[in-house]
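Chemist: Dumping the structure here so I can ask a few things about it.
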Amino acid sequence: MKRLNKFFFVVGSSITLAVIAMLLSRFFIPDNVGLAGGAIVMFYGLGGLIFGLALGIILIKKLQYATIKKLNYLFLLVLILVIIRIGYLISLEDKTEAPALPPKTSAAVSDYSPTNSDIPNPDVTAEVKLDRNIGIGMAKAIVSTKNTIELYKGSGGKSYSKLKFKMGKHGIEYANAPKGFNPAHNKLDYNILFFKIVDQTAGFVEAEINKDNNQTAWISKEDIRFLPWSDFLFTVHSIEPTDWENNPIRTRPERSAEPMLDINDSYILQPLKIQSEWIQVRISDQNYNAISTGWFRWKSDKELLLNYSLLS
Numbered sequence: 016m017k018r019l020n021k022f023f024f025v026v027g028s029s030i031t032l033a034v035i036a037m038l039l040s041r042f043f044i045p046d047n048v049g050l051a052g053g054a055i056v057m058f059y060g061l062g063g064l065i066f067g068l069a070l071g072i073i074l075i076k077k078l079q080y081a082t083i084k085k086l087n088y089l090f091l092l093v094l095i096l097v098i099i100r101i102g103y104l105i106s107l108e109d110k111t112e113a114p115a116l117p118p119k120t121s122a123a124v125s126d127y128s129p130t131n132s133d134i135p136n137p138d139v140t141a142e143v144k145l146d147r148n149i150g151i152g153m154a155k156a157i158v159s160t161k162n163t164i165e166l167y168k169g170s171g172g173k174s175y176s177k178l179k180f181k182m183g184k185h186g187i188e189y190a191n192a193p194k195g196f197n198p199a200h201n202k203l204d205y206n207i208l209f210f211k212i213v214d215q216t217a218g219f220v221e222a223e224i225n226k227d228n229n230q231t232a233w234i235s236k237e238d239i240r241f242l243p244w245s246d247f248l249f250t251v252h253s254i255e256p257t258d259w260e261n262n263p264i265r266t267r268p269e270r271s272a273e274p275m276l277d278i279n280d281s282y283i284l285q286p287l288k289i290q291s292e293w294i295q296v297r298i299s300d301q302n303y304n305a306i307s308t309g310w311f312r313w314k315s316d317k318e319l320l321l322n323y324s325l326l327s
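Its first residue numbered 16, the sequence shown is counted upward by one per residue in our numbering.
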């Protein structure tokens, strides 16, 4: 029994100091390290684990057996709290769904003034330059371990494959996906999974599941949220014309309107309103201070005339 208590003392001291080191790391890690922060926290934890192991081996030779037994109760409490915390985080992730998208609209949306909390991480960029094969819109999938997306060869019938998610070492990841799966936007660590939609029926959409070879599959509208381009553009972070010279920002939604030639790609343009082939944008500087508003053509009969950024 003494050996068991001493063994638990060494293990308990290692785990306890690892937890303490990880908690203290938040005071030493800079705010601007981005995704590297998780790795740094783990490094602190590993250091605490090694230090706790060495300290435990030394203390079992120095402390009285009765003291070791009392400390073991403390270590047991720490272990229980760690297990409860891990279980809570897993259950919280299982319940996490994509944030609700704004209601469908092709008219004006309410004004939006970015605050500091709204400004996305500048290290994270998901920019897309659209080609002529633009489809009819985009569809957003819910990234959750409780969600399954069935893939069909036609608009109905039996599914031939499915998308499933699981919690991995570094966050949510695919538990199952078809070979060559490569949709328009695929960043599960940011809860982002978008498909370009090329066709639809009453209950299904034809989604591009491989943007490299244009492979498609049919998905039930119950499994995803379909957004025509005119709705999808209100969910992105910013947009800009693909051709600034021939499609500049203008003061009014008319080709004869005066161009705002001082506005270029150094400004942040965020969608405000759509009128036919024209989109109104809020023009802000790099600090998100609103400068003005303007218009540019966002589509022609055959293609989109803009680039967009999902995050920054």
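Where a beta carbon is used, it is the ideal one built from N, C-alpha and C, also for glycine.
Tell me whether Ile294 sits in a helix, a strand or coil according to DSSP, three-state version.
Modeler: Three-state DSSP puts Ile294 in a strand.
Chemist: Which residue comes first and which comes last in the alpha helix (DSSP H) that contains Ile35?
Modeler: Run containing Ile35: Lys17 to Leu39, per the alpha helix (DSSP H) assignment.
Chemist: In the structure shown, what three-state DSSP assignment does Asn304 receive?
Modeler: Correct three-state label for Asn304: coil.
Chemist: Between the alpha carbons of Ile234 and Leu325, how many angstroms are there, rounded?
Modeler: When rounded, the distance between both Cα atoms is 23 Å.
Chemist: Are the CB atoms of Phe210 and Met153 nearer to each other than 8 Å?
Modeler: Their beta carbons are under 8 Å apart, which means Phe210 touches Met153 by this criterion.
Chemist: Check for me: the beta strand (DSSP E) holding Ser176 runs from which residue to which?
Modeler: Element bounds for Ser176: Gly171 to Gly183.
Chemist: Measuring alpha carbon to alpha carbon, tell me which residue in Asp277, Thr308 and Gln230 is nearest Pro268.
Modeler: Minimum Cα distance to Pro268 is reached at Thr308.
Chemist: Quick one: which unbroken beta strand (DSSP E) runs of 3-plus residues sit fully inside the segment 253-286? Chain order, please.
Modeler: Taking only runs of at least 3 residues, the beta strand (DSSP E) segments lying wholly in the segment 253-286 are 253-256.
Chemist: Specify, as a first and last residue, the run of the alpha helix (DSSP H) that Trp233 falls within.
Modeler: Where Trp233 is concerned, there is no enclosing alpha helix (DSSP H), although the beta strand (DSSP E) it sits in stretches over Gln230 to Ser235.
Chemist: Any contact of the segment 254-265 with the segment 302-322, i.e. 3+ C-beta pairs under 8 Å?
Modeler: Taking 8 Å as the limit for Cβ pairs, the verdict is that the segment 302-322 does touch the segment 254-265.
Chemist: Tell me which residues share the same chain as Ile98 and place their Cβ nearer than 8 Å to its Cβ, disregarding the 5 neighbours each side in the sequence.
Modeler: Excluding residues within five positions, none has a Cβ falling inside 8 Å.
Chemist: If the criterion is Cβ atoms closer than 8 Å, does the pair Leu208 and Asn197 meet it?
Modeler: No, these two residues do not count as a Cβ contact at 8 Å.
Chemist: Taking Phe247 as part of the beta strand (DSSP E), name the residues at either end of that continuous run.
Modeler: Where Phe247 is concerned, there is no enclosing beta strand (DSSP E), although the alpha helix (DSSP H) it sits in stretches over Trp244 to Phe247.
Chemist: Does the pairing of the segment 295-308 with the segment 172-190 give three or more beta-carbon distances under 8 Å?
Modeler: The answer is no - the segment 172-190 does not touch the segment 295-308, with fewer than three Cβ pairs under 8 Å.
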